[in-house]
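I have placed the structure first, in the form of structure tokens, so that the comments after it can refer back to it.
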Amino acid sequence: MGCRRRGTSDSLEAMNKEELLERVRALIEKTQGVAFIVPEDTGFFSIDDDMVQQVRGLMAQTIEVLRDLTEFYDAESAAHGEKDESQAADGDFLREIGAQISSELAAREVSSLAFVARGQLLEMQEALTAALKNRQVWGVASHADSGLRHLGKALIATESAVCEYEGLPATDRRWVDLADSLEIRRLYAQFRRAILRGGDPLTDEELARRLKSSFTRIAILRDLEIYPFLRIDDRRSIKRLQKRIESWLNKTEGSTDEVGFRLWEDLASFARLLIKINDREELREHDRQVVTTVHRMLFSPARPARQLNAGHRKELERLLGRDDDLDEIILHVDEHVPEDLRQPVEKLMQSLNRPYEVSVGERSGLG
């Protein structure tokens, strides 16, 4: 990512924090007005060149403003440090040093956030440029999609950090559409259960039947209105599997039963990996709030629930796709009592309250 520069550049000398924050907010508005949707139907795939150039422009502008923010708040941090030394020389060190150290660290946090986000975007920009140069259509789509997603989150996080540092009211923003994320999670859970139900096929006849059923299920999935909003890398994997299954079902050259069983293993592995959608930050935060509410509704010491009602069911259904054991109860909630939910609900609460590290699935774009 290169070395960080201390101090301000000439262009920043005349720039104030209000102008920087306004640039960030203007870019957020532009970014939220872009919907990167790759049109796709049977046998056809294309990308709108204007849309790709729009994403590239937003990436370049975001990289620039993150650079300026890094330099500005590096200078802020340095200024607070110089003030500390001056106060110490004047004998006022003990009176002001606590507040100054706090301000220096806060400014450094803003600059560090902008610096790291800029470095990540530079890597994405380089990958997108390389994909364009090499005419890698899927690569262009994937890097543009992930770049747009990342720059939107980076801008919102930076805006929040600047507002906190400057003592300004925070703007309530959400880059992702939570309703879409919840719908996609439910869809992935249904797909995963349908593929994995019954375990691995044991005979050639069962293999053929299961792959044919999976092919139909994928075709239905790709017909849904929500499908264009799945992450591009997920859609690419789904389309690849569909083509491989179709080839095997048509018994083209090389479509032996051995090849079919390897294909099944790949399909089952992909279905299992779809649970990584739960690593999305917006879903973790949503689930943390919902599971806390559910636990209070069912197991409050003052008024524990004696049976499950419509209100409980509605709240629980917001967690569908989070955990297979919990899903099994939610899908057959009429057959259960509140105590049946205690163990899976408390297990989920503990999981969501543990410190979170980015998973391999999330780093790779899966989910």
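The numbering of the sequence shown is the working numbering, which starts it at 11 and goes up by one. Ideal Cβ positions, reconstructed from N, Cα and C, are used throughout, including at glycine.
For the options Asp289, Glu291, Leu329, the alpha carbon positioned closest to that of Thr303 is the one of Leu329.
Of Thr266, Val34, Gln200, Leu76, the smallest CA-CA separation from Asp334 is found for Gln200. For Glu86, the closest of Trp274, Leu358, Val120 by C-alpha to C-alpha distance is Val120. Residue environment for Glu235: exposed (fewer than 16 other C-beta atoms within 10 angstroms of its C-beta). Looking at the backbone, the Cα of His305 and that of Ala189 are separated by about 22 Å. Scanning its chain for C-beta atoms nearer than 7 Å, with the 5 sequence neighbours on each side dropped, one finds around Arg352 the residues Phe309, in chain order. Distance between Arg298 and Glu291, taken at the CA atoms: about 11 Å. Ranked by how close their Cα comes to the Cα of Arg282, the residues Arg195, Val75, Ala116, Thr181 have Arg195 in first place. In this structure, Ser224 lies near Ile255, with their beta-carbon atoms less than 8 Å apart. Taking each of Ala88, Gly209, Asp350 in turn and checking the Cα distance to Ala315, the smallest one comes out for Asp350.
Using a Cβ-Cβ distance cut-off of 8 Å, the stretch 63-77 and the stretch 119-137 are in contact, since at least three pairs of beta carbons, one from each stretch, lie closer than that value. Leu212 is not a Cβ neighbour of Trp274, given a cutoff of 8 Å. Between Ala116 and Tyr175, the C-beta gap is smaller than 8 Å, which places the two residues in contact. Residue range 267-283 is occupied by the alpha helix (DSSP H) that includes Asp276.
Contact between the stretch 141-149 and the stretch 163-179 is absent, with fewer than three C-beta pairs closer than 8 Å.
Counted as a single uninterrupted DSSP element, the alpha helix (DSSP H) harbouring Asn363 occupies residues 349-363.
Residue environment for Pro179: exposed (fewer than 16 other C-beta atoms within 10 angstroms of its C-beta).
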